[in-house]
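In the numbering used here, each number is its position in the sequence shown, counted from 1, plus 566.
Presented below is the structure to which this report refers.
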Amino acid sequence: MVNVIGLGYIGLPTALMMASHGVEVVGTDYNEELVATLNAGHTTFKEEGLDGLFADALAAGIRFTTEYQVCDTYIVSVPTPYDKVDKKIDPCYVVAATRSVLDVAPEGAIVVIESTVSPNTIDRYVRPVVDEAGRSDVKLVHAPERIIPGNMVSELLHNNRTIGADSPEVAEQVAALYSSFCQGEIAITDIRTAEMTKVVENTFR
567 MVNVIGLGYI
577 GLPTALMMAS
587 HGVEVVGTDY
597 NEELVATLNA
607 GHTTFKEEGL
617 DGLFADALAA
627 GIRFTTEYQV
637 CDTYIVSVPT
647 PYDKVDKKID
657 PCYVVAATRS
667 VLDVAPEGAI
677 VVIESTVSPN
687 TIDRYVRPVV
697 DEAGRSDVKL
707 VHAPERIIPG
717 NMVSELLHNN
727 RTIGADSPEV
737 AEQVAALYSS
747 FCQGEIAITD
757 IRTAEMTKVV
767 ENTFR
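So this is what it looks like as structure tokens:
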């Protein structure tokens with residue numbers, strides 16, 4: 567089972583896409599009103615193709631909750647606010663979500679950071695949280711999101727993806743998960759390179 571953390575503009579489409587392609591998914595968000603809206607059968611924002619994807623995911627059994635789940639894979643898709651003054655991304659929500667995941671994650675769980683981060687963020691801010699918790703068994707992965715509002719569903723399906731991990735074996739596991747729906751090429755690399763690819767892409771776009 568996959569627990570997608572953060573059901574905003576990136577997390578929700580990702581959760582719906584996986585669920586509609588046969589992956590058992592539970593979506594988690596701290597916003598009780600948002601979760602209630604989803605459980606009532608309504609999407610929380612408008613996007614071409616999203617309503618149909620939502621219907622498919624509901625039929626496949628996706629669930630929404632404010633509680634973190636015990637499962638083997640977590641996808642963290644929480645916001646990373648951008649400070650327009652110092653040009654830095656604030657990783658506080660990613661760090662907080664990771665701490666909450668570690669409270670329930672079983673041994674050997676994979677934690678995939680999908681949120682947009684700058685190079686070295688995972689080693690500088692996320693990995694220390696894992697180390698402080700004494701969870702050397704947890705496997706960190708970075709799979710930067712590659713979608714923009716207005717074309718989310720199509721880009722989720724067709725864009726190439728990059729999976730960065732400490733070991734090729736773990737990266738292959740996560741690549742297999744994303745290949746359940748991703749029709750583009752999935753490149754495997756290390757975490758810092760995956761972080762850098764997002765910076766380059768954002769600069770290009």
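A virtual CB, placed ideally from N, CA and C, is assigned to each residue, including glycine.
Buried or exposed by the 16-neighbour rule on C-beta atoms within 10 Å, applied to D595: One-based indexing of the sequence shown puts residue 595 at position 29. Counting Cβ neighbours within 10 Å, D595 comes out buried, since at least 16 surround it.
Minimum C-alpha distance to L743 - residue among I628, G588, T632 and V661: Counting from one through the sequence shown, the residue named residue 743 turns up at place 177. Check the Cα spacing between L743 and each of I628, G588, T632 and V661: the tightest is with G588.
V651, buried or exposed, once every other Cβ within 10 Å from all chains shown has been counted against 16: Numbered from its first residue, the sequence shown carries residue 651 at position 85. Taking a 10 Å sphere around the C-beta of V651, we find fewer than 16 other C-beta atoms and assign the residue as exposed.
Integer Cβ distance of T664 from V692, believed to fall under 8 angstroms: Along the sequence shown, read from residue 1 onward, the residue named residue 664 stands at position 98. Along the sequence shown, read from residue 1 onward, the residue named residue 692 stands at position 126. Indeed, because the Cβ distance is near 5 angstroms, the residues count as touching under 8 angstroms.
Meets three-Cβ-pair contact criterion under 8 angstroms: the region 610-625 and the region 740-759: At 8 angstroms Cβ cutoff, the stretches do not touch.
Touch test, the region 637-656 against the region 572-579, Cβ-Cβ under 8 angstroms, three pairs minimum: Yes: the two stretches touch, three or more of their Cβ pairs being nearer than 8 angstroms.
Segment contact, 8 angstroms Cβ cut-off, at least three pairs: the region 591-607 with the region 697-712: Note that the region 591-607 does not touch the region 697-712; fewer than 3 beta-carbon pairs, one per stretch, sit closer than 8 angstroms.
DSSP-derived helix/strand/coil call for V589: Mapped onto the sequence shown, residue 589 falls at position 23. Secondary structure at V589: coil, using DSSP grouped into helix, strand and coil.
Among A623, A625, T639 and T759, the one whose alpha carbon lies nearest that of I571: In the sequence shown, residue 571 corresponds to position 5, counting from 1. Nearest of A623, A625, T639 and T759 to I571, Cα basis: T639.
R629, DSSP secondary structure in three states: One-based indexing of the sequence shown puts residue 629 at position 63. Reduced to three states, the DSSP call for R629 is strand.
Residues sharing a beta bridge with A753, DSSP: As a working note, residue 753 is residue 187 in the sequence shown. Under the DSSP definition of a beta bridge, A753 partners with T728.
Beta-carbon proximity check, I688 vs I676, cutoff 8 angstroms: On the sequence shown, position 122 is the one that residue 688 refers to. On the sequence shown, position 110 is the one that residue 676 refers to. By the CB criterion at 8 angstroms, I688 and I676 fall outside the cutoff.
Y640 - DSSP class collapsed to helix/strand/coil: Within the sequence shown, the letter at position 74 stands for residue 640. Residue state, collapsed to three classes: strand.
Where the alpha helix (DSSP H) containing N717 begins and where it ends: Here the question's residue 717 lines up with position 151 in the sequence shown. That residue, N717, is in no alpha helix (DSSP H); it is neither H nor E in DSSP.
Rounded C-alpha distance that separates Y659 from N569: The residue given as residue 659 occupies position 93 in the sequence shown. The residue given as residue 569 occupies position 3 in the sequence shown. Whole-angstrom Cα-Cα distance: 16 angstroms.
Run of the beta strand (DSSP E) containing L573, from where it starts to where it stops: By one-based count along the sequence shown, residue 573 stands at place 7. Note, L573: premise wrong, no beta strand (DSSP E); not H, not E.
Where the alpha helix (DSSP H) containing V683 begins and where it ends: Numbered from its first residue, the sequence shown carries residue 683 at position 117. Element bounds for V683: n/a, residue is neither H nor E.
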